[in-house]
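The sequence shown stops at residue 595 when you use this note's numbering, and every number in between is there.
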Amino acid sequence: MEPKSDTEVDMKKRRKSVKIKKSSSEYDPYLMRIKKGERLYKFYYFRPMAGRHYHFEYRILTKEKIDAMLEMASYNFKIENGVPQKGSITRVPKISKEQLEDIVQNVMRKTNTSPDEFEELDLSEFSTIDDQIEFLKHQDKIDTMYLV
């Protein structure tokens, strides 16, 4: 067996020293934590025809913070072999309502989402988080195992 060149040894050492970590948010079952005084704002569901076989959706969830700014979480959702999966989770801790509208319009435009492939749930009309949760339960839009 021939000895390895210096370059090969150096590259191997470099690979070992670099540890790739997934964002801890990928493992957090709670996409959004609601603090006292905060309420949900709007939920958006994009359901392209091409992904219907896997029940694929791109979801944007928002809450209104006490200072009237929004927090946003978005992710891909699909069901594979009967198992719900979330991926590509993105969190934005501070965003204005105008910025959110721009993002939603941009997603619709870039994905060629038609009106029948899009759903918006406006939760801002409810005065309390409890009323919002009850509405979401009746719409079958909430997984109660994550409510604490």
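Even glycine gets a Cβ: it sits at the ideal position worked out from N, Cα and C.
Note down the Cα distance separating residue i from residue j, rounded to an integer number of angstroms.
| i | j | result |
| --- | --- | --- |
| Asp-563 | Met-496 | 9 Å |
| Asp-514 | Glu-572 | 18 Å |
| Ile-580 | Leu-508 | 14 Å |
| Ile-589 | Leu-478 | 12 Å |
| Ala-520 | Lys-510 | 9 Å |
| Asp-549 | Lys-557 | 12 Å |
| Ser-574 | Ser-543 | 20 Å |
| Glu-545 | Gly-534 | 26 Å |
| Glu-527 | Arg-499 | 12 Å |
| Lys-482 | Phe-582 | 19 Å |
| Leu-570 | Tyr-488 | 5 Å |
So what does residue i bridge to, in DSSP terms?
| i | result |
| --- | --- |
| Phe-582 | For Phe-582, which the question treats as bridged, DSSP gives no partner whatsoever. |
| Gln-532 | Lys-525 |
| Val-539 | Met-519 |
| Asp-569 | Lys-489 |
Give the DSSP-derived three-state secondary structure of residue i in the structure shown.
| i | result |
| --- | --- |
| His-544 | It is worth fixing the name first, because residue 544 is Lys in this sequence and not His. If DSSP states are grouped into helix, strand and coil, Lys-544 belongs with the helices. |
| Lys-557 | helix |
| Arg-506 | strand |
| Ala-520 | strand |
| Asp-587 | coil |
| Glu-564 | helix |
| Arg-480 | coil |
| Asp-577 | helix |
| Arg-486 | strand |
From the beta carbon of residue i, is the nearest beta carbon of chain D less than 9 Å away?
| i | result |
| --- | --- |
| Gln-579 | In the displayed structure, chain D is absent; only one protein chain is listed. |
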